[in-house]
Each structure stands twice: as structure tokens, then as C-alpha cells.
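Data first, discussion second: the structure below is written as C-alpha cells.
Protein chains in written order, with the working numbering: chain A, 260 to 623; chain B, 260 to 623.
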């Protein structure tokens, strides 16, 4: 690498997003994008701001922060808005986990490992159970302290539902983890929480060490607009602002801010779209189970599937040939699984038809 | 501060953007915003993308990178696009200056100091000359090496034109600095280069240690859209990508990318607007000189003015009372100056009238 690179650049372990091949038109079921466009109100809100683009956006994103605070029944100083939940996670890592030890599932969103490398966090993997579920009792720093006597505890990073399994941990279990670790920040990444389950945001008034991260990329159909946010104790939010203002004061642009507010206010559309996706998820799950697949109990906008007789790599390759992209991880324990985003009913019918055909061919 | 903060959060020295009071409507001449809206083509480009916002943007921002490469006659791998030039600068600091020593003017864009604190760079101030101009001969690591024997040289950060003086350094002088420091990255921040002067981007093929940073916030009227970019040797660009992909893969959103491409392609509008602003700058400069002010030879979209008899703080306060915001820095050497963004002719007439009145009152 170049002689000009800093140690930070040399030791970095950059994340690789899902593939975006451009050789032909694919049905993209590999990035957990919402198959439906955003609320029509988003378009109107954005158009009203275009002629003001010569003016800087509000560095505090006040309008959005206020809307989020109202929506989640918290105060404005409990909310931080950023450029996608990846940025919000990066700021949280910088603010609370840099140079410290964190507990994290061994199988989860891979970007956490990238953040840990970048911010020199000690990344302590906590293995999921055999069924890929989280055992809440495992997330207790007291148990790890003796093995890591020189480490300073930063906290816990846990997505709920977890990725790529989609398995949801009950709120009461999350609360136990928060209670068991008063000296660390418990970050719950709720990227997929809107697809049917309950957020832990309701607990932030009781615990100063709980930080919730959510995104507009999935349930709000705004992956291309880059809006994520955190909800937590005011001191935690202040810490994240210290990081943001050391880096880039204006990460949420003018169109993104007003577009997000409009999306948040169209509750009917939001509910309709998420119901549509969860209904499709249940239909597809049943079809695949019938076809002999085992699926985790996913509460996300995706399914996680495996077949005891047919290798996931084979299915992945065949689907790609047929123009359907899904996600396959080369990681141990899950390398015989596929993660498939829930697309429209039409897309999922095509997907299921290909799967049925592949299974029939394999049997012959 | 909170017990949960990392050292990174504790030692941070967050930047404060220009004030944005909301108590009444101001003529805002304090943030170097362009007074004119973006090209009408931007609006069209953005509207075409809104219904696709459910899809992620391209993490490489390929369309924009290609357009920038064409525009600046470089290759695609010489271009990096980010969320405003602040983000691009942050990534450059992380990639090349983290933990190393940098040379920087004592009076310049204050965010450099924030970046240096955040990335633990040793910030070596090089005093501007008495007339606030840069002496190129001062920017030579050989001269500093003996005083900093244990420091690793990272490079030089120099805006051209410099801020807030607006003074431009000839390209031949920039080239001498690049030649004199082959072991460091010479970062030229050209945020204001479009208002009349020549970019050093033409030199990147000759020097592997030259990095140019520009923005769409000023000359392209897109401060609210957050687009900045860097041009440099492919190895430098790769280093910045390593940092970006350790932090947030998608910092340029879908609307920003296509909006920026549209702005870049409307050359006629761009030329017309920048000519309008430079013409206003020259008119206002003459008026103020006539009124007894001393101004630096600003080549930016702002002027930097001082009066030997009237304190800048007084002018700042009076202007604010009259509904005109300008920028006053409490910093030594420039605390009797005001930085005034070039607004529309109408706005500048109001500004000049107030100034004239204040001067007459002071004389009485």
C-alpha cells in the first residue's frame, strides 16, 4: 500500500456491500431493499426544497429530530439523526466503543467488525446458539471480565431482529441485558424492527446505557436517501454529536431531511407497506417449508433459508443465472444458508417458481 | 462528561458552523452560500430519481465520478466523491494525516484544527505573512524536521484561495510546495477556486503527493445537497475509499449524485452565476474601499474587510440588529475583520447602505 497511508488507513478492514452487477437486469433480493416506492408525500416535500439547495441544511436536522421525538414519545435531546444507520453506528462506535471491548454475536451484520477494526475496539464474539438464536444470558460483561482483565468494557452491539437470521429477542430479554451491563452502552440495532416487532425505544427513560439505532432504508423505502437515527439518553446523544461535529457538520442533506419527515408523517402508507411485506414473508415461508427448506423465524424484511440436500452455493448460482440475486455468506455456520429479501409478490412468485424447478431437477 | 464516552469523544474539539439564528429573517452573508438557486436541470434530475429512493445509491457514485473525471480531464480512479467537502477532508485526514504531523496556515478554515484533534495529527501552524498572504517558502518540511525530530510528516493542508482572506496563490507557487515535500501529501482545498482562479488539478498526473479537494456547495449553489470531491493520484483515492468503506458505504445519496451530475453538465449556467458573483464582489470591494475599508485581494465568493477606526465587533453587532448576518472571528490577528459572503446585488446594496450609514454616524 501507498507510503502516504496513515496507520488508520493501513489497518482498516473495509466493508463490502452486497453485489450490484450491471451486466443485465436482475430481480434484486440481495440488499434488503423495500420493493415499494416511498410515500407519495416524500416526493412533494423534496420538490419544495430543491430551489433552496443553495442554502446549507440545518446541522442539527431540527425538523427531523423533532418529528422523530414526537413519533417515538421521547424528547428532542434523546434523538440523533444521521446519513443512514451505518453512519449513526459509526458515530456510536467512535463515541462509546473506540479503544474499548465490545460483545457482539458471532453471526450478525458484518459492518460491526469493520467498525471495531477502524475504531480499535476489542471485538469479543459471542456465539449464537445452534438454532442461530441469541442467548440473553451470554451477554454479561461479568462473565468475560476475568478472561479480559486489561480490557475496558465499552458495551454490547446487538441487532434485534438479528441479521441475517431475522430472529427477534423479546423486549423483556433485551431489558435484562441492559440491566446486567450498567457500565457499558447496550446498542440495539433495530434496522428491521418495523416489520412486526416491538422497539426497545420505550425503555430509554429508564436506562442511561441503552441506545437504539433505526433506519429509514427498510420500512420507509428510503435506502437511497440515507437517513438513520439513534434514540437514547441525552448524554449519549451529546457524545455522538461531539463525534459528528469533529467530522462533518452537515451529513443529512436538505432533501433527505424533509423527505424523511414526510415519510414519517404518512403513517397509513407505512402501515400498509409493512403489512404487505410481512404478509408476503409469511406466504413465501410456507411455500419454502413445503418445498423442504428450513427457515429461521425471521421477523425482518427477508428470510434465511437452508436445505439439507441442496447446497446453498448451487441455489445461489442457479438463481443468479436466472436473473435473481440473493445473498450468500461464505462464513462458517451459515454457509449453507441464503438470505433472501422480501420483494413484491410478483418477484417472490418468480423466485419460488425457480426454486421449485431447481428442487424438481435435483430430485431427478 | 459521560462515563460512557471513549477517549476519542472526550478529546474531540467539535467545529461550530456559522450561526443560523431563527428569531427573524436575516440577509445571510455569514456562510458563503451562493445567493442564486442551482441550475434548473438539477431539479429535473432529482425528480426523476425520487420514485427509486427505495433502492440504495451506488456506493462508488460511479455516474458522478465519471462526470467529474471527464470535466477535469482525469481518469475515474483519480476521483473520490463524498458528502460535502468536509467529509472528503475528514477522509483525507484519516487516510494520510492521522497520527502524523501536518503544516497548516495559522489563519485558515478552522475545521482543519478540529480534524487534527480528532485524528491525533500534530498540527503545526505556519503563520501567514503580515498582509495575511501565504509565503510558499514557509511550507517545507525540511525546515520543521529538526524542531520535530520524533514526528512523522503527514503533509500540508492549504486552501487556495485561503479562507477567510480569499487570497490566491499562483499555481507555480503551489507546484513548488508540492515539489519541496515529496514525502507528504499536499492537500489543496479549492472550495472557492471557481470564482476566477486556476485549479491545481491539472498537476495531479505529475505528482503522486498532490490532492485537490473541491465542493459543489459554493460555485454550484448546492450547499444543501452535500457534494464534495477529491482529485489525486489513484493510490491516494484508494486510501480514501478504504476509510469511507470502514465508516459508511453510501455517503452520497441518490438525489445528491444525480443532482450534482446535472449541475456539472450545465456549464452555461455555472459560468453565468460565477461571473455574476465575481462582478458583484468587485463592485462591493470598490464601494468599501471608497468608504475607507481595507480589503484583502479576495478571489473567493466573499470579501474580508477591516476599518482602522471602526471596530469589527461594532459593525457586526449593528449589522445583525439591522438584519444582516456576517462572520466575525474572535481569533487574534483577524479579530478586527469581517468576512462577508457575496449575496445578490440587492442584498449587497442593502449591506453597503447600512455600512455607509454606520460610517457616517461614527464620524458624527
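The C-beta atom is built at its ideal place from N, Cα and C for all residues, glycine as well.
request  = Would you mind sorting residue 394 of chain A into buried or exposed? The rule is 16 or more other CB atoms within 10 Å of its CB.
outcome  = Taking the first chain and counting its residues from 1, one reaches residue 394 of chain A at position 135. Answer is exposed; the Cβ neighbour count stays below 16.
request  = My understanding is that residue 380 of chain A touches residue 350 of chain A, with C-beta atoms under 8 angstroms, so please give their C-beta distance in whole angstroms.
outcome  = Position 121 of the first chain holds residue 380 of chain A. Position 91 of the first chain holds residue 350 of chain A. Incorrect: roughly 14 angstroms between the Cβ atoms, too far for contact.
query = Taking the DSSP output, what are the residues bridged to residue 523 of chain A?
reply = As a first step, residue 523 of chain A must be located in the first chain, where it is residue number 264. Answer is none; residue 523 of chain A lacks a bridge partner.
query = Count the other CB atoms within 10 Å of the CB of residue 299 of chain B; is the residue buried (16 or more) or exposed (fewer)?
reply = In the second chain, the residue the question calls residue 299 of chain B occupies position 40. When all chains shown are included, residue 299 of chain B counts as exposed.
message = Only counting the same chain, and skipping five residues up and downstream in sequence, which positions put a Cβ closer than 7 angstroms to that of residue 566 of chain A?
response = For the purposes of this step, residue 566 of chain A is identified with residue 307 of the first chain, where counting begins at 1. Hits under 7 angstroms: 551, 552.
ask   = What are the complete beta strand (DSSP E) segments, minimum 3 residues, inside the segment 283-360 of chain A?
value = 338-341
task = Leaving out five residues on either side along the sequence, give the residues of the same chain with a beta carbon under 7 angstroms from the beta carbon of residue 522 of chain A.
result = Locating residue 522 of chain A in the first chain gives position 263, where the first residue counts as 1. Around residue 522 of chain A: 297, 298, 301, 475, 479, 481.
task = Show which residues of chain A have a CB atom less than 8 angstroms away from the CB atom of residue 527 of chain B.
result = The count along the second chain starts at 1 and reaches residue 527 of chain B at position 268. Those within 8 angstroms of residue 527 of chain B in chain A number zero; the least Cβ separation is about 18 angstroms.
key: Selection from B:562, B:345, B:607 that minimises the alpha carbon distance to residue 276 of chain B   = The residue labelled residue 276 of chain B in the question sits at position 17 within the second chain. Residue B:345 is the option with its Cα nearest to residue 276 of chain B.
ask   = Helix, strand or coil: which one does DSSP assign to residue 474 of chain A?
value = Indexing the first chain from 1 puts residue 474 of chain A at position 215. Strand.
ask   = Quick one, are the C-beta atoms of residue 412 of chain A and residue 448 of chain A less than 7 angstroms apart?
value = Within the first chain, numbered from 1, the residue matching residue 412 of chain A stands at position 153. Within the first chain, numbered from 1, the residue matching residue 448 of chain A stands at position 189. It is not a contact, given that the beta carbons lie outside the stated cut-off.
inquiry  = Quick test of your reading: residue 294 of chain B and residue 603 of chain B, contact by CB under 8 angstroms. State the CB separation rounded to the nearest angstrom.
reply    = Counted from its first residue, the second chain places residue 294 of chain B at position 35. Counted from its first residue, the second chain places residue 603 of chain B at position 344. So it is a contact: roughly 4 angstroms between Cβ atoms.
query = Which chain A residues sit within Cβ distance under 7 angstroms of residue 587 of chain B?
reply = As a position in the second chain, residue 587 of chain B is number 328, starting the count at 1. By Cβ distance, chain A contributes nothing, its closest Cβ being about 18 angstroms from residue 587 of chain B, past 7 angstroms.
request  = Return no unless some Cβ of chain B is closer than 7 angstroms to the Cβ of residue 447 of chain A.
outcome  = Within the first chain, residue 447 of chain A is the residue found at index 188, counting from 1. Answer no: the Cβ-Cβ gap between residue 447 of chain A and chain B never drops below 7 angstroms.
query = Residues in the segment 604-620 of chain A with C-beta within 8 angstroms of chain B's C-beta atoms, listed in sequence order?
reply = none
ask   = With C-beta atoms as the reference, is residue 459 of chain B less than 7 angstroms away from residue 485 of chain B?
value = Counted from its first residue, the second chain places residue 459 of chain B at position 200. Counted from its first residue, the second chain places residue 485 of chain B at position 226. Going by C-beta atoms, residue 459 of chain B is not nearer than 7 angstroms to residue 485 of chain B.
request  = Locate the beta strand (DSSP E) running through residue 596 of chain A, then write down its first and last residues.
outcome  = Position 337 of the first chain, counted from the start, is the residue given in the question as residue 596 of chain A. Residue 596 of chain A -> beta strand (DSSP E) spans 596-600.
query = Can you name, in chain order, every residue of its own chain whose Cβ lies under 7 angstroms from the Cβ of residue 570 of chain B, other than the five neighbours on each side?
reply = Against the second chain, residue 570 of chain B aligns to sequence position 311. If we look at residue 570 of chain B and ignore the five residues flanking it on each side, its Cβ neighbours are 595.
message = I need the boundaries of the alpha helix (DSSP H) containing residue 448 of chain B, first residue and last residue.
response = Here residue 448 of chain B refers to the residue found at position 189 of the second chain. First-last for residue 448 of chain B: 444-448, but that is the beta strand (DSSP E), not the alpha helix (DSSP H).
key: Cross-chain neighbours of residue 444 of chain B in chain A, by beta carbon under 8 angstroms   = Walking along the second chain from the start, residue 444 of chain B turns up at place 185. Within chain A, the residues near residue 444 of chain B are 263.
query = Taking DSSP as the reference, what is the three-state secondary structure of residue 485 of chain A?
reply = Counting from one through the first chain, the residue named residue 485 of chain A turns up at place 226. The answer is coil: DSSP assigns residue 485 of chain A none of H, G, I, E or B.
task = Return the residues of the segment 505-530 of chain B that lie within a Cβ-Cβ distance of less than 7 angstroms from chain A, sorted by chain order.
result = 505, 506, 507, 508, 509, 510, 512, 513, 514, 515
C-beta neighbour in chain A for residue 310 of chain B, strict 7 angstroms = Walking along the second chain from the start, residue 310 of chain B turns up at place 51. Yes, residue 310 of chain B counts as interfacial toward chain A.
ask   = Within this structure, are the beta carbons of residue 560 of chain A and residue 477 of chain A separated by less than 7 angstroms?
value = Along the first chain, one-based indexing puts residue 560 of chain A at 301. Along the first chain, one-based indexing puts residue 477 of chain A at 218. Closer than 7 angstroms, so yes.
key: Residues of the segment 388-403 of chain A with Cβ closer than 7 angstroms to any Cβ of chain B, in chain order   = none
request  = Tell me where the beta strand (DSSP E) around residue 381 of chain A begins and ends.
outcome  = In the first chain, residue 381 of chain A corresponds to position 122, counting from 1. Residue 381 of chain A -> beta strand (DSSP E) spans 381-385.
inquiry  = Whole angstroms are fine: how far does the CA of residue 370 of chain B sit from the CA of residue 358 of chain A?
reply    = Taking the first chain and counting its residues from 1, the one referred to as residue 358 of chain A is at position 99. Taking the second chain and counting its residues from 1, the one referred to as residue 370 of chain B is at position 111. Near 24 angstroms, if we compare the C-alpha coordinates of residue 370 of chain B and residue 358 of chain A.
inquiry  = Going by DSSP in three states, residue 498 of chain A sits in which element: helix, strand or coil?
reply    = Walking along the first chain from the start, residue 498 of chain A turns up at place 239. DSSP places residue 498 of chain A in helix when its eight states are reduced to three.
Outcome for residue 292 of chain A when other beta-carbon atoms lying within 10 angstroms are tallied against a minimum of 16 = Taking the first chain and counting its residues from 1, one reaches residue 292 of chain A at position 33. Result: buried.
query = Can the beta-carbon of residue 363 of chain B be found less than 7 angstroms from the beta-carbon of residue 416 of chain B?
reply = As a working note, residue 363 of chain B is residue 104 in the second chain. As a working note, residue 416 of chain B is residue 157 in the second chain. Cβ atoms of residue 363 of chain B and residue 416 of chain B: closer than 7 angstroms.
task = Kindly list, in the order they appear in chain A, the residues whose Cβ is closer than 9 angstroms to that of residue 317 of chain B.
result = Within the second chain, residue 317 of chain B is the residue found at index 58, counting from 1. Within 9 angstroms Cβ-Cβ: 279.
message = Looking at residue 333 of chain B: is its Cβ nearer than 7 angstroms to the Cβ of residue 490 of chain B?
response = Counting from 1 along the second chain, the entry for residue 333 of chain B is found at position 74. Counting from 1 along the second chain, the entry for residue 490 of chain B is found at position 231. A contact, by the Cβ cut-off of 7 angstroms.
message = Looking at the secondary structure, which residues open and close the alpha helix (DSSP H) in which residue 370 of chain A lies?
response = By 1-based counting over the first chain, the position of residue 370 of chain A is 111. Unbroken alpha helix (DSSP H) run through residue 370 of chain A: 370-377.
query = Tell me which same chain residues have a C-beta within less than 7 angstroms of the C-beta of residue 384 of chain A, skipping the five on either side of it?
reply = What you label residue 384 of chain A is simply residue 125 of the first chain in a count that begins at 1. Only 363, 365 meet the Cβ criterion.
task = Could you name the residues of the segment 338-370 of chain A whose beta carbon sits closer than 7 angstroms to any beta carbon of chain E, in the order they occur along the chain?
result = Judged by its chain identifiers, the structure shown contains no chain E, and its protein chains are A and B.
ask   = Are there three or more Cβ pairs, one per stretch, closer than 8 angstroms when the segment 428-442 of chain B is compared with the segment 389-406 of chain B?
value = yes
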